[in-house]
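Q:
Residue numbers (the working numbering): 374 to 528.
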């Protein structure tokens with residue numbers, strides 16, 4: 374009685390070429406994931422800066438509302454585009470509000486001439502106020518290097 378074994382194949386196991394191709398495909402996939410992660414981080418930073426600008430604008434508007442209840446004129450809050458923290462020490466509550474607002478913009482959106490704030494009071498009934506915040510967002514590749522947030526509200 375003769376036992377017949379199946380003939381041995383020419384290849385047994387995984388060859389070096391197959392392993393190298395699998396590693397190459399895995400490396401390309403991981404590079405794609407890393408690229409997507411970097412783009413996500415840039416977008417998250419940009420979104421954070423927009424949120425900070427929005428919160429800063431709302432904080433100044435809330436201060437304006439509180440002083441309006443005191444009978445203070447809203448026109449005292451008006452300021453041209455100001456880039457940089459104010460110098461000197463403010464004496465009135467409104468000057469302190471504006472100085473604090475500009476300092477917060479500089480601290481949270483970047484120091485320098487690229488971070489600016491502006492307030493325009495429109496004489497209407499009820500009064501309207503436009504608060505503008507401008508900052509540099511050049512880290513985002515496809516975004517504009519200069520971002521502008523404008524809020525126009527009725528107080």
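The beta carbon of each residue, even a glycine, is placed where N, CA and C say it ideally should be.
Measure the Cβ-Cβ separation of residue 478 and residue 429 and say whether it is below 8 Å.
A: With contacts defined by Cβ atoms closer than 8 Å, residue 478 and residue 429 form a contacting pair.
Q: Are there 16 or more other CB atoms within 10 angstroms of the CB of residue 431, so buried, or fewer, so exposed?
A: A residue is called buried once 16 or more other Cβ atoms fall within 10 Å of its Cβ, and residue 431, having fewer, is exposed.
Q: So what does DSSP say about residue 388, is it helix, strand or coil?
A: coil
Q: Determine, using beta carbons only, whether residue 505 and residue 521 come nearer to each other than 8 Å.
A: yes
Q: Using alpha carbons as the reference points, say which of 447, 487, 409, 467 lies closest to residue 454.
A: 487
Q: Quick check: the Cα distance between residue 475 and residue 414, rounded to an integer number of angstroms?
A: 27 Å
Q: How many Å lie between residue 508 and residue 473 at the Cα?
A: 17 Å
Q: Which one of 525, 461, 410 has the shortest CA to CA distance from residue 503?
A: Considering only alpha carbons, the answer is 525.
Q: Check the C-beta distance from residue 436 over to residue 470 and give it rounded, since I have them as a contact under 8 Å.
A: About 4 Å separates the CB atoms of residue 436 and residue 470; that is less than 8 Å, so the two are in contact.
Q: With a threshold of 8 Å between beta-carbons, can residue 485 be considered close to chain C, or not?
A: Of the protein chains in the structure, only one exists, and it is not chain C.
Q: Return the residue from the list 523, 501, 527 that minimises the CA-CA distance to residue 423.
A: 523
Q: Once DSSP output is grouped into helix, strand and coil, what is the label at residue 476?
A: helix
Q: Output the distance between the C-alpha atoms of residue 403 and residue 446, rounded to the nearest integer angstrom.
A: Going from the Cα of residue 403 to the Cα of residue 446 covers about 59 Å.
Q: If you run the structure through DSSP and keep just helix, strand and coil, what is residue 503?
A: strand
Q: Taking the beta strand (DSSP E) that residue 522 belongs to, which residues open and close that run?
A: 519-527
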